[in-house]
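A.B. asks: Encoded as structure tokens, here's the structure I'll be asking about.
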Amino acid sequence: MNKKRDEFRLTISHFKILQTVDELNKKKLYPTAKGVNNVLMGKLDRETRKYADIKTYGTLISFPGRKLCSYILNMTRRGYLGYIYDKNTDDMYLRITEKGEGEILHYEKRHKNAYRKKEPHHKPEIVEIK
């Protein structure tokens, strides 16, 4: 079996996803993948604006939603995230696992700096040139 193929390393993007789910779970809130994406993108809609105090809010603004879903699926398969069922919506929501919490603690011991909030870059369509 190919050892490199089986090797899985958590990147900073993985940690941002884990910490987003963890912070929401600590508030008894359970997101979908889209909810995690909205927080990481810093979306300012009615629902997501309430979570602007989360340290990962707006820290992953140029990450495609499809890639995020792939990361979440991979972390679920590897035991960092799990699902919890809500009978009111008849749907599954993300929860952090003990393994995921352990990785966050390990990461925070090595990295003391908070995540930097990012602003979307807007290129002007009309400029004055002198």
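Counted the way the working numbering counts, the sequence shown spans residues -2 to 127.
Even glycine gets a Cβ: it sits at the ideal position worked out from N, Cα and C.
Nothing here was measured: the structure is a model prediction, and the numbers come from that model.
Would you grab the beta carbon distance between Tyr80 and Met89 for me? Rounded to a whole angstrom, and I think it's under 8 Å.
C.D. replies: Right, their Cβ atoms sit about 4 Å apart.
A.B. asks: From Thr17, Pro61, Thr8 and Ser10, pick the residue whose C-alpha is nearest to that of Ile93; which is it?
C.D. replies: That would be Thr17, whose Cα lies nearest to the Cα of Ile93.
A.B. asks: Please classify Pro28 as buried or exposed, where buried requires at least 16 neighbouring CB atoms within 10 angstroms.
C.D. replies: Per the 10 Å Cβ criterion, buried.
A.B. asks: 8 Å is my cut-off, CB to CB: does Leu7 come that close to chain D?
C.D. replies: As a matter of chain content, chain D is missing from the structure shown, which is built from one protein chain.
A.B. asks: Mapping DSSP to helix, strand and coil, what is Gly97?
C.D. replies: In this structure, Gly97 counts as helix in the three-state DSSP scheme.
A.B. asks: Would you mind stating whether Ser10 and Tyr68 have Cβ atoms separated by less than 8 Å?
C.D. replies: Yes, these two residues count as a Cβ contact at 8 Å.
A.B. asks: Within its chain, find whatever has a CB closer than 7 Å to the CB of Phe60; leave out the 5 residues flanking it on each side and keep chain order.
C.D. replies: These residues qualify, in order along the chain: Ser10 and Leu37.
A.B. asks: What separation, rounded to the nearest whole angstrom, lies between the Cα atoms of Lys96 and Lys127?
C.D. replies: The alpha-carbon atoms of Lys96 and Lys127 are separated by roughly 58 Å.
A.B. asks: If I follow the unbroken beta strand (DSSP E) through Leu78, where does it start and stop?
C.D. replies: Looking at the DSSP string, the run of the beta strand (DSSP E) that includes Leu78 is Leu78 to Asp83.
A.B. asks: What does the alpha-carbon distance come out to for the pair Ile58 and Asn85?
C.D. replies: Going from the Cα of Ile58 to the Cα of Asn85 covers about 31 Å.
A.B. asks: Leaving out five residues before and five after Asn22 in sequence, what residues of the same chain have Cβ atoms less than 6 Å from its Cβ?
C.D. replies: Same-chain partners within the cutoff: Arg92 and Ile93.
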